[in-house]
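These notes concern the structure reproduced below.
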Amino acid sequence: MAFTDHFYHGSTRKLIVAFGTIFNNIEIHRKDNTVNTVPLTYASKEKFYLSLKQNKNLDRLSSTILPRMGFIITDVSYDFERKQSSIGKFNAQSLDSLTQKKMFLPVPYDIQLQLSIYSRNMVDGLQILEQIIPFFKPSFNITINELDEMGVIRDIPIILDDI
2 MAFTDHFYHG STRKLIVAFG TIFNNIEIHR KDNTVNTVPL TYASKEKFYL SLKQNKNLDR
62 LSSTILPRMG FIITDVSYDF ERKQSSIGKF NAQSLDSLTQ KKMFLPVPYD IQLQLSIYSR
122 NMVDGLQILE QIIPFFKPSF NITINELDEM GVIRDIPIIL DDI
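If you're matching positions, the sequence shown starts at 2 in the working numbering and goes up one per residue.
This is how it looks when you write it as structure tokens:
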């Protein structure tokens, strides 16, 4: 079923990438003065745990790749409170300034993401947590270039719901 001509602006992908960059450079400082950057992957904690469990040399593997963080989309839901006119259009000057483009107003969806922290010991997990929590009061705003061809830049609040 096709409602209209094909289009893909990569808005959801841009949101996911922006979310990941928030947690990209988290570090663990150990008592022996070593500093480890915590790897971040787009995968759930369960998926990561299953891959660890299937590996035969679990102890050697987990000592080299833990702590680690992963994130995944857990829910996409329509937000009635932010709904605008269904027939309203957004006008924008194209980047070459020669033409004017129109598009329908965006449809408001909330995308829920879950960030998982997987660590070998409690101190590593708490170090990671303490580098994240202070920035969410309860939200942290990121800016994405939602539609490059129309110059649409949008501020997106990332809201910390649960720990």
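Note that the Cβ used here is the ideal one computed from N, Cα and C, for glycine as well.
For residue i and residue j, what's the separation of their Cα atoms in angstroms?
{"i": "residue 7", "j": "residue 32", "result": "55 Å"}
{"i": "residue 157", "j": "residue 113", "result": "13 Å"}
{"i": "residue 34", "j": "residue 163", "result": "32 Å"}
{"i": "residue 107", "j": "residue 48", "result": "33 Å"}
{"i": "residue 75", "j": "residue 99", "result": "42 Å"}
Taking Cβ positions, are residue i and residue j nearer each other than 8 Å?
{"i": "residue 132", "j": "residue 27", "result": "yes"}
{"i": "residue 43", "j": "residue 17", "result": "yes"}
{"i": "residue 117", "j": "residue 126", "result": "no"}
{"i": "residue 137", "j": "residue 72", "result": "no"}
{"i": "residue 154", "j": "residue 146", "result": "yes"}
{"i": "residue 30", "j": "residue 148", "result": "no"}
{"i": "residue 40", "j": "residue 69", "result": "yes"}
Can you tell me whether residue i is buried or exposed, with buried defined as 16 or more other CB within 10 angstroms of its CB?
{"i": "residue 110", "result": "exposed"}
{"i": "residue 105", "result": "exposed"}
{"i": "residue 129", "result": "buried"}
Quick one, which of the options has its alpha-carbon nearest residue i's?
{"i": "residue 159", "options": "144, 99 and 68", "result": "144"}
{"i": "residue 36", "options": "78, 108, 161 and 67", "result": "67"}
{"i": "residue 141", "options": "161, 124, 122 and 123", "result": "161"}
Report back the beta-carbon spacing between residue i and residue j to the nearest angstrom; my notes put them in contact at under 8 Å.
{"i": "residue 84", "j": "residue 151", "result": "No, residue 84 and residue 151 are not in contact; Cβ-Cβ is about 21 Å, not under 8 Å."}
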